[in-house]
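To start, the structure under review is shown below, and the notes come after it.
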Amino acid sequence: MVGVTVPEERTARFVRLLASASGLSAAASPTVAVGSDLSFPNTSSGSDVWGLSVYVASLCNGAGERLLGGSEEQRLEVESLVDKETSVVPYAADKVECLNDRLASRTFVAGHTLTVADLYVFAAVEKLAPKFPTHVARWYDFVSCTVDSDQLFAKLSLDKPAFEAPPPPTPTPKPAKEDAAAEPEAAAPGKKKDKKEKKEKKKEGDAGAAAAPADAEPTVDLLDLRVGRITKVERHPDADALYVETIDLGEAEPRQIVSGLVKFVPEERMQGRMVVVVCNLKPAKMRNVMSYGMVLCASNDAHDAVDPINPPEGLQVGERITFEGYSAEPLAQLPPKKKQFEAIAPHLVTSDKGLCTYKGVPFMTSAGPVTATIPNAHIA
């Protein structure tokens, strides 16, 4: 294969990363050597790193061309984010802060799919990896896991939220029993009517006592929350914003679930992902496609950043999420008219470190707590 010469090692690794992301085999990829100048066979798109990117991407017409941008408008945006230099220029700290602002409501640096812009910036920010702000850290970790299988660049070591067991809930004091020792009555015929009235009043009292729990505030242990793996994801045939997912929950058959995540999470990040599913919602038809549950996601106040919450690694599908202090058996199915999930949901939030909680109590599994990529978020 025709060779490419680049002036320094970081640019060489960028070229190898781009070739891998384009789907080029080792045999079809250009050989890369470090020399004094940038040189490659076809400079019709420029003799800088952008021209080099176009050349490498053009070696694989399908995926390579998509990396340059799916439309003319996106291609121009991608090109604007690649420095017109002969090597990858490292980002300074202030430029990383600007990048963090850009990624606050984006999954990718440009457009809605992975592009050369992501790969170039990925290479340019590597040296500052230990000090990444939140959104850059999320994006860098995603790109690393998606395309840098050979670990050409530094892997980001993320500080996962440390689990601190909350104090046990304060027991609710039971109401004092009323002293209602009734005086014994003589078993005289004239008292039968009084006894009947007392029995009727007792029945009314018992009925009121039985009805009281139904009026109590719904708690999180009513929900059947289980860990699942997305085995298949595709676009909804009648709704551009919806995915139709097939999720393995350890049941006899996988479940079909519809989620409105198209604008927030790319398809490749959904495939194979471990998620937390509400399994006892009443099945519902969403634009003519049945959905048998809901994937729990964290979202910010503006609802322009949404991402499924993350069970820890190593779990078996079907494991139930637990909450210390809440041990009732979940209902087989939540009655929609009672709006129980709607009453519980406002208390499902993430902490400032991304820990998923209900009223401050963590979502727990056998491998530790459930976390989210979005701190201080709502969960639904």
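Numbered per the working numbering, the sequence shown spans residues 121 to 500.
Ideal Cβ placement from N, Cα and C applies to all residues, glycine included.
Since we're looking at a predicted model, the values are computed, not measured.
Opening and closing residue of the alpha helix (DSSP H) in which residue i lies
i: Gly171; result: Val169 to Ser178
i: Glu388; result: Glu387 to Met390
i: Ala257; result: Thr254 to Val267
i: Lys215; result: Ala213 to Leu223
i: Tyr240; result: Val236 to Ala244
i: Ala422; result: Neither: Ala422 is in no alpha helix (DSSP H) and is coded neither H nor E.
i: Arg346; result: Segment Leu345 to Arg355 is the beta strand (DSSP E) holding Arg346; no alpha helix (DSSP H) there.
i: Val198; result: Glu192 to Ser200
i: Arg136; result: Glu129 to Ala141
i: Ala463; result: Gln460 to Ile464
Contact check, residue i vs residue j, beta carbons under 8 angstroms
i: Pro401; j: Phe461; result: It should be pointed out that residue 401 corresponds to Leu in this sequence rather than to Pro. Against a cut-off of 8 angstroms, the Cβ pair of Phe461 and Leu401 comes out as a contact.
i: Pro546; j: Ser207; result: One cannot answer for residue 546 here, as it falls past the ends of the chain, which runs 121 to 500.
i: Ile441; j: Arg393; result: no
i: Leu234; j: Leu187; result: yes
i: Thr477; j: Glu439; result: no
i: Pro428; j: Leu416; result: yes
i: Glu197; j: Gly190; result: no
i: Val267; j: Leu137; result: yes
i: Tyr363; j: Val382; result: yes
i: Ala492; j: Leu435; result: no
i: Val385; j: Asn430; result: no
i: Val124; j: Phe160; result: yes
i: Val176; j: Leu201; result: no
i: Leu475; j: Pro482; result: yes
For residue i, the nearest candidate out of the options (CA to CA)
i: Ser471; options: Val378, His498 and Pro450; result: His498
i: Ala404; options: Arg375, Val353 and Asp341; result: Arg375
i: Met414; options: Pro386, Leu454, Ser264 and Ala372; result: Leu454
i: Lys352; options: Ala372, Gly438, Glu387 and Thr339; result: Glu387
i: Ala372; options: Val437, Thr339 and Pro428; result: Val437
i: Ser173; options: Ala148, Glu192, Val154 and Asp203; result: Asp203
i: Asp341; options: Val378, Cys399, Val382 and Gln391; result: Cys399
i: Pro338; options: Ala492, Arg130 and Tyr446; result: Tyr446
i: Thr254; options: Phe134, Arg133, Leu223 and Gly231; result: Leu223
i: Phe134; options: Leu179, Pro450, Ala237 and Ser178; result: Ala237
i: Cys265; options: Leu345, Leu239 and Leu475; result: Leu239
i: Val395; options: Leu345, Ala361 and Val409; result: Leu345
i: Arg407; options: Gln391, Glu449 and Ala361; result: Ala361
i: Tyr211; options: Lys473, Pro456, Asn496 and Arg130; result: Arg130
i: His232; options: Phe252, Ala336, Glu193 and Lys251; result: Glu193
Extent of the continuous beta strand (DSSP E) to which residue i belongs
i: Leu362; result: Premise fails: Leu362 is in no beta strand (DSSP E) and is neither H nor E.
i: Thr470; result: Leu468 to Thr470
i: Ile377; result: Arg375 to Ser379
i: Pro428; result: Val426 to Pro428
i: Lys383; result: Neither: Lys383 is in no beta strand (DSSP E) and is coded neither H nor E.
i: Val126; result: Gly123 to Val126
i: Cys399; result: Taken as a continuous stretch (DSSP letters only), Cys399 belongs to no beta strand (DSSP E), as it is neither H nor E.
i: Val152; result: Thr151 to Val154
i: Thr163; result: Counting along the chain, Thr163 falls outside any beta strand (DSSP E), and DSSP gives it neither H nor E.
i: Ser411; result: Val409 to Ser411
i: Tyr478; result: Cys476 to Tyr478
For residue j and residue i, believed in contact at Cβ under 8 angstroms, the rounded distance
i: Leu343; j: Ile494; result: Contact doesn't hold; Cβ gap of about 20 angstroms is too wide.
i: Val152; j: Val216; result: Incorrect: roughly 26 angstroms between the Cβ atoms, too far for contact.
i: Leu468; j: Ala500; result: 7 angstroms
i: Ala501; j: Val154; result: Shown here, the chain extends from 121 to 500; a query on residue 501 therefore has no answer.
i: Val409; j: Val378; result: 6 angstroms
i: Ala249; j: Leu276; result: 5 angstroms
i: Leu179; j: Ala148; result: 6 angstroms
is_contact[residue i, chain B] using C-beta, thresh 8 angstroms
i: Val135; result: In summary, chain B is missing from the structure at hand, where a single protein chain is found.
>> Could you check whether the region 135–153 touches the region 171–191, counting it as contact only if at least three pairs of C-beta atoms, one from each stretch, sit closer than 8 angstroms?
In response: Flag = yes, the region 135–153 and the region 171–191 touch.
> Per the contact definition of three or more C-beta pairs closer than 8 angstroms, is the region 356–367 in contact with the region 445–460?
Replying inline: At 8 angstroms Cβ cutoff, the stretches do not touch.
> Pairing CB atoms from the region 258–265 with CB atoms from the region 235–246, are three or more of them under 8 angstroms?
Replying inline: With the cut-off at 8 angstroms, the region 258–265 and the region 235–246 touch.
> So, do the region 218–228 and the region 156–176 have three or more beta carbon pairs nearer to each other than 8 angstroms?
Replying inline: Contact annotation: the region 218–228 does not touch the region 156–176, with fewer than three C-beta pairs closer than 8 angstroms.
> Okay, do the region 363–373 and the region 416–425 touch, 3+ Cβ pairs below 8 angstroms being the bar?
Replying inline: Contact between the region 363–373 and the region 416–425 is not established, with fewer than three Cβ pairs separated by less than 8 angstroms.
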